[in-house]
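A.B. asks: Dropping a structure here in structure tokens format, bear with me for questions.
Residue numbers (the working numbering), protein chains in the order written: chain B, 308 to 648; chain C, 2 to 257; chain P, 5 to 490.
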């Protein structure tokens, strides 16, 4: 209780002090015309402070010592070298900063000076300039023709200057939709081993690639999951036998929002109390429902992940693509193929 | 090459730590071989486990471990690996079946966990996976972690967000728990089969996770190893703030 | 040598300039016509006894004979800086830029801008034997094998964070004191351009090492570039040289942008910014003796020069200390990037945090009809939002002129409380931006307190509209109260 009272006292004192200083400030300002009260603020004060000079000298010596330490640290190899170097370097500059600041405030003369502000507006000069510009065009009769021709020149040469930029990259055309997946392309893992249908069981999350594709090809990576065929609600036109044999599903791993890799698979171990399976992007947390054709159920993505139809090789049990993606992979643009959405 | 010594030291320390951790899995006795002499002891363990199970677990998992509608899953086929994982990480028992299981201090003693694990093992399912972090390759572990785990757990195992849940940080996980989680896919996590992550890769993952507990912070104070958010805070509240103090000192006026 | 007439005046209070004639030229050193008089070093010292050391005398003389430096130097040394700490914010940014140039030059000597593949064989065990890009490999070698490389790289990165932070605080000071008004509106525009370029420059630097985080950042940037209506895809292909992750020369493009094009533009703009400040002279607060047509404060020589150099050293010192002691962007720990992997909670550097916030807060809206997608989703958060913010920033001087019907030039600053509506509108605007910032980064913190991610996003979406309104009302109220007090 007492400490509470003391705290209140503090607060009260603080408020009163604040009000008082505010009042003082108001008094100072009182009666100042818009341009400011015309007093002469100029002051000059020579500190003549030998102790400050000594302090500056000490700080400068410390700076020198730190500099030597840096050199020594570079010659003698020590553990945690980056830390020691940073410390020596940083303290050196810190000491130099302190020396300069102390010198600037306690050693050299302190002065409050007044400088006139340069005047900008000079209507006479402006008029003369305008006149000179006008005179430069004296005696020209075909103004319109010249202006038009100059315009043509500007547009032409401007276009010519910009045009080389077009060689910086290819036209989009169908480069995004041209993925390495064809009917029959084998699905392999990051080390090039074939992925078997039996390897993808319910609850696993497998990243697959098109056989032979470059690791830098964003058209290649897919996520493979398996769900119970009875819970699948794929969009119309995607029969399970051709798109999700045995409940196996493949979607492009590149998020349709901003091209990050879909590297989260939320798979509940107990459906009754836990959220349903979802594919999630770790950048902006767009959340897709694999059971419904990777429809967006949360987050900013504007369309589903494109699905890759799958087939199981009867002889080997290997997974193969059963065609190309259901739509364009990756972020949307003007001509994006939304996969019938 | 100045960093060769601390780096080598760190690697040796890391390897030692991993070897140490790998050396004592928390509940290795659960896989005691059923030799003729040990069978009685195992049976005794199972009996005490069953009793404990019926007292503390059956309200959700049922008296016989077959689960209860809307409260808890069946444990038939869960095996010792799941029982050991959930109990040794304190994720089970849950106060409320709708809670998310998170890592806490285990609520059972070692002996009780062994007994419960032995009982759940009798319901069928995989044993506690073997893992030998020291035998793994740390580089393969890094690569595998980046491919399979970083999306949820963050590349240095600092944990992360899953919409609808969180992926826990892994600094407290033992190698055995890492292996168990990989195979089970607890709570919202997917699981990884032997075809996908083989024994060597599993060892390597465990080794990498062990390494992330004290990664090589060559740059100094690690500020959490999670990247730009704490970096931004340090930039503002340490870097710019200290410079503002200097500015205030410099800008202090000459008395008028 | 310097300001003799003025010095003589100031030293003896009796000799003050007549204050009754403000229009009359004061005995001022800046006036070239001021007659040079022998400088008394200290009372009683004989005139012309070598106040300036002989070497300095010779130097100044040498320069004066060749480039006429005498008058310039005299004027410069008497240039007056108002004394208030908030006038040093821009200087902090300037000095951080100096540190950036110095450390960046060192780093550029080691960086190899190529995405060609190589095998890492250095001492960092978790990456040994992994296939990495040449660019990433060079950053690893610089950071791990070079004895000063990591210090330089970390100092550079900290300097970048502090550079943009100092600019932002400087911008806020300029806004809330009305220093952006005529004639300084031109410098406001240059300043806003500097922030824009600084953010781009930072992002290019963050993207160059080709580690996991920079790769994910570039993927997002690619998504945003693609989302620009109609032209997006071709624009992205021009910048990246093809589809993500870009042609092999893409890192070279980032490199040239980061070490030449953008820094050169920044340097030019900074020089223009400073030149215009010198032309205008500093603005100043309303205080006794301060008028629209004068500047009151410390002359450059000697006190201010020493203090300002001290600030330069302080900036360098703090950044080097951070660079040595606090780890930033440990690229070896992030590992290499490939488009099929990601790490949870990947974040850009703080100055892009508002974009990730906006991208995350935006609902799944995409405008498509007639078989085309006219506005893809990332456009709203990643392009439109920053465009609106920067457009508002550019428009502030003219908005203020119109709203306040004030077209005059101003050299005396406002106290924020004296213009409650401007202050409140500004606070409201900046609070909306700040909220998006928080939405982009607080997830990790809030989720440890048990708040679900979806709940957070919904709160942020609502708060984006509610908070600025509340901030406006509260700020107006606070300004009125403060004004009543004084």
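Cβ coordinates follow ideal geometry from the N, Cα and C atoms, glycine included. Remember, predicted model here, so these are calculated numbers, not experimental data.
Evaluate the contact criterion for the stretch 511–529 of chain B versus the stretch 482–495 of chain B: three or more CB pairs, one atom per stretch, below 8 Å.
C.D. replies: Touching, yes.
A.B. asks: For the stretch 450–497 of chain B, list the alpha helix (DSSP H) runs that are entirely contained and at least 4 residues long, ordered along the chain.
C.D. replies: The qualifying runs are 450–469.
A.B. asks: Pick helix, strand or coil for residue 394 of chain B, following the three-state DSSP scheme.
C.D. replies: Position 87 of the first chain, counted from the start, is the residue given in the question as residue 394 of chain B. Looking at residue 394 of chain B - three-state DSSP - the assignment turns out to be helix.
A.B. asks: Taking the Cβ atom as the reference point for each residue, do residue 183 of chain C and residue 123 of chain C lie within a distance shorter than 8 Å?
C.D. replies: To locate residue 183 of chain C, count along the second chain from 1; it is residue 182. To locate residue 123 of chain C, count along the second chain from 1; it is residue 122. No, they are not a contact pair.
A.B. asks: Residue 317 of chain P and residue 400 of chain B: beta carbons closer than 8 Å?
C.D. replies: In the third chain, counting from the first residue as 1, residue 317 of chain P sits at position 313. In the first chain, counting from the first residue as 1, residue 400 of chain B sits at position 93. Result yes, Cβ atoms of residue 317 of chain P and residue 400 of chain B sit closer than 8 Å.
A.B. asks: Is there a Cβ of chain C sitting closer than 8 Å to that of residue 11 of chain P, yes or no?
C.D. replies: Counted from its first residue, the third chain places residue 11 of chain P at position 7. Confidence at residue 11 of chain P is low in this model, with a pLDDT of 39, below 50, so its placement is unreliable and no value can be given for it.
A.B. asks: Count the other CB atoms within 10 Å of the CB of residue 70 of chain C; is the residue buried (16 or more) or exposed (fewer)?
C.D. replies: Start at 1 with the first residue of the second chain, and residue 70 of chain C comes out as number 69. With fewer than 16 other Cβ atoms within 10 Å, it is exposed.
A.B. asks: Could you check whether residue 573 of chain B and residue 171 of chain C sit closer than 8 Å to each other, using their CB atoms as the reference points?
C.D. replies: One-based indexing of the second chain puts residue 171 of chain C at position 170. One-based indexing of the first chain puts residue 573 of chain B at position 266. Not closer than 8 Å, so no.
A.B. asks: Which class does residue 530 of chain B belong to by DSSP, given the choice of helix, strand or coil?
C.D. replies: Along the first chain, one-based indexing puts residue 530 of chain B at 223. Correct three-state label for residue 530 of chain B: strand.
A.B. asks: How close, in whole Å, do the beta carbons of residue 201 of chain P and residue 266 of chain P come, if the pair is a contact with beta carbons under 8 Å?
C.D. replies: In the third chain, counting from the first residue as 1, residue 201 of chain P sits at position 197. In the third chain, counting from the first residue as 1, residue 266 of chain P sits at position 262. At roughly 6 Å, the Cβ-Cβ gap stays under 8 Å, so residue 201 of chain P and residue 266 of chain P are in contact.
A.B. asks: Let me know the secondary structure DSSP gives residue 115 of chain P once reduced to three states.
C.D. replies: Your numbering for residue 115 of chain P matches position 111 in the third chain. Residue 115 of chain P: coil per DSSP, three-state reduction.
A.B. asks: Relative to the C-alpha of residue 361 of chain B, which residue among B/536, B/594, B/522 and B/405 is closest?
C.D. replies: As a position in the first chain, residue 361 of chain B is number 54, starting the count at 1. Considering only alpha carbons, the answer is B/405.
A.B. asks: So what does residue 376 of chain P bridge to, in DSSP terms?
C.D. replies: The sequence position of residue 376 of chain P within the third chain is 372, counting from 1. DSSP lists P/373 as partners of residue 376 of chain P.
A.B. asks: Pairing CB atoms from the stretch 616–635 of chain B with CB atoms from the stretch 549–558 of chain B, are three or more of them under 8 Å?
C.D. replies: Cβ pair count under 8 Å is three or more, so yes.
A.B. asks: Measure the alpha-carbon distance for residue 124 of chain P versus residue 527 of chain B and round it to whole angstroms.
C.D. replies: Position 120 of the third chain holds residue 124 of chain P. Position 220 of the first chain holds residue 527 of chain B. Spanning the two alpha carbons is a distance of roughly 25 Å.
A.B. asks: Look at residue 240 of chain C and residue 326 of chain P and say whether their C-beta atoms are less than 8 Å apart.
C.D. replies: Here residue 240 of chain C is taken as the residue at index 239 of the second chain, counted from 1. Here residue 326 of chain P is taken as the residue at index 322 of the third chain, counted from 1. For residue 240 of chain C and residue 326 of chain P, yes; Cβs fall inside 8 Å.
A.B. asks: With a 10 Å radius around its C-beta and 16 neighbouring C-beta atoms as the bar for buried, classify residue 410 of chain P as buried or exposed.
C.D. replies: On the third chain, position 406 is the one that residue 410 of chain P refers to. So residue 410 of chain P counts as exposed.
A.B. asks: Considering only their Cβ atoms, is the gap separating residue 334 of chain P from residue 139 of chain C smaller than 8 Å?
C.D. replies: Numbered from 1 along the second chain, position 138 holds the residue referred to as residue 139 of chain C. Numbered from 1 along the third chain, position 330 holds the residue referred to as residue 334 of chain P. Going by C-beta atoms, residue 139 of chain C is not nearer than 8 Å to residue 334 of chain P.
A.B. asks: Grouping DSSP H, G and I as helix and E and B as strand, with all else coil, what is residue 44 of chain C?
C.D. replies: As a working note, residue 44 of chain C is residue 43 in the second chain. It is helical.
A.B. asks: Less than 8 Å between the CB atoms is what I'm expecting for residue 236 of chain C and residue 166 of chain P, so what's the real figure, rounded?
C.D. replies: As a working mapping, residue 236 of chain C is identified with position 235 in the second chain. As a working mapping, residue 166 of chain P is identified with position 162 in the third chain. Indeed, because the Cβ distance is near 6 Å, the residues count as touching under 8 Å.
A.B. asks: Count the other C-beta atoms from every protein chain shown that fall within 10 angstroms of the C-beta of residue 71 of chain P, then say buried if there are 16 or more, exposed otherwise.
C.D. replies: Within the third chain, numbered from 1, the residue matching residue 71 of chain P stands at position 67. So residue 71 of chain P ends up on the exposed side.
A.B. asks: Can you give me the Cβ contacts of residue 116 of chain P inside the same chain, cut-off strictly under 8 Å, excluding the 5 residues immediately before and after it?
C.D. replies: The residue given as residue 116 of chain P occupies position 112 in the third chain. Closer than 8 Å at Cβ, skipping near neighbours: 138, 139, 141 and 142.
A.B. asks: Nearest by alpha-carbon distance to residue 377 of chain P: which of P/237, P/159, P/104 and P/126 is it?
C.D. replies: Mapped onto the third chain, residue 377 of chain P falls at position 373. Selected option, being the one with the closest Cα: P/237.
A.B. asks: Could you pull the DSSP bridge partners for residue 617 of chain B from this structure?
C.D. replies: Here the question's residue 617 of chain B lines up with position 310 in the first chain. According to DSSP, which records beta bridges pairwise, residue 617 of chain B is partnered with B/628.
A.B. asks: Which residues in the same chain as residue 282 of chain P place their Cβ atom closer than 8 Å to its Cβ, once the five residues preceding and following it in sequence are excluded?
C.D. replies: Here the question's residue 282 of chain P lines up with position 278 in the third chain. Cβ within range, chain order: 83.
A.B. asks: Any residues in the stretch 192–223 of chain C with a beta carbon nearer than 7 Å to a beta carbon of chain B? Which ones, in chain order?
C.D. replies: Listed in sequence order: 192, 193, 194, 196, 197, 219, 220 and 221.
A.B. asks: According to DSSP, is residue 428 of chain B helix, strand or coil?
C.D. replies: In the first chain, counting from the first residue as 1, residue 428 of chain B sits at position 121. In this structure, residue 428 of chain B counts as coil in the three-state DSSP scheme.
A.B. asks: Does DSSP put residue 423 of chain P in a helix, a strand or coil?
C.D. replies: Locating residue 423 of chain P in the third chain gives position 419, where the first residue counts as 1. Coil, per DSSP.
A.B. asks: Against chain P, with Cβ distances strictly below 8 Å, would residue 642 of chain B count as a contact?
C.D. replies: Reading the first chain from its first residue, position 335 is the one you call residue 642 of chain B. Taking Cβ atoms only, chain P reaches closer than 8 Å to residue 642 of chain B, which makes this a yes.
A.B. asks: Can you give, in chain order, each stretch of the alpha helix (DSSP H) that sits fully within the stretch 91–179 of chain C and has at least 4 residues?
C.D. replies: Here the runs fully enclosed are 111–122, 139–149 and 151–154.
A.B. asks: Expressed to the nearest angstrom, what Euclidean distance is found between the alpha-carbon atoms of residue 476 of chain P and residue 394 of chain P?
C.D. replies: Within the third chain, the letter at position 472 stands for residue 476 of chain P. Within the third chain, the letter at position 390 stands for residue 394 of chain P. So the alpha carbons of these two residues sit roughly 20 Å apart.
A.B. asks: Select from C/136, C/157 and C/107 the residue whose C-alpha is nearest the C-alpha of residue 202 of chain C.
C.D. replies: Stepping through the second chain from its first residue, residue 202 of chain C is reached at position 201. The residue with the shortest Cα to Cα distance from residue 202 of chain C is C/136.
A.B. asks: Tell me whether residue 92 of chain P, by its Cβ, gets closer than 7 Å to a heavy atom of the ligand NAD.
C.D. replies: The ligand NAD is not among the ligands present in this structure, which contains no ligands whatsoever.
A.B. asks: Is residue 232 of chain C close to chain P? Criterion is C-beta to C-beta, closer than 8 Å.
C.D. replies: In the second chain, residue 232 of chain C corresponds to position 231, counting from 1. Yes, residue 232 of chain C counts as interfacial toward chain P.
A.B. asks: Around the Cβ of residue 447 of chain P, are there at least 16 other Cβ atoms within 10 angstroms (buried) or fewer (exposed)?
C.D. replies: Taking the third chain and counting its residues from 1, one reaches residue 447 of chain P at position 443. Buried: at least 16 other Cβ atoms inside 10 Å.
A.B. asks: Could you check if residue 2 of chain P is buried or exposed, using at least 16 other CB atoms within 10 Å of its CB as the buried criterion?
C.D. replies: Given that chain P is displayed from residue 5 to residue 490, the structure contains no residue 2 of chain P and the question cannot be resolved.
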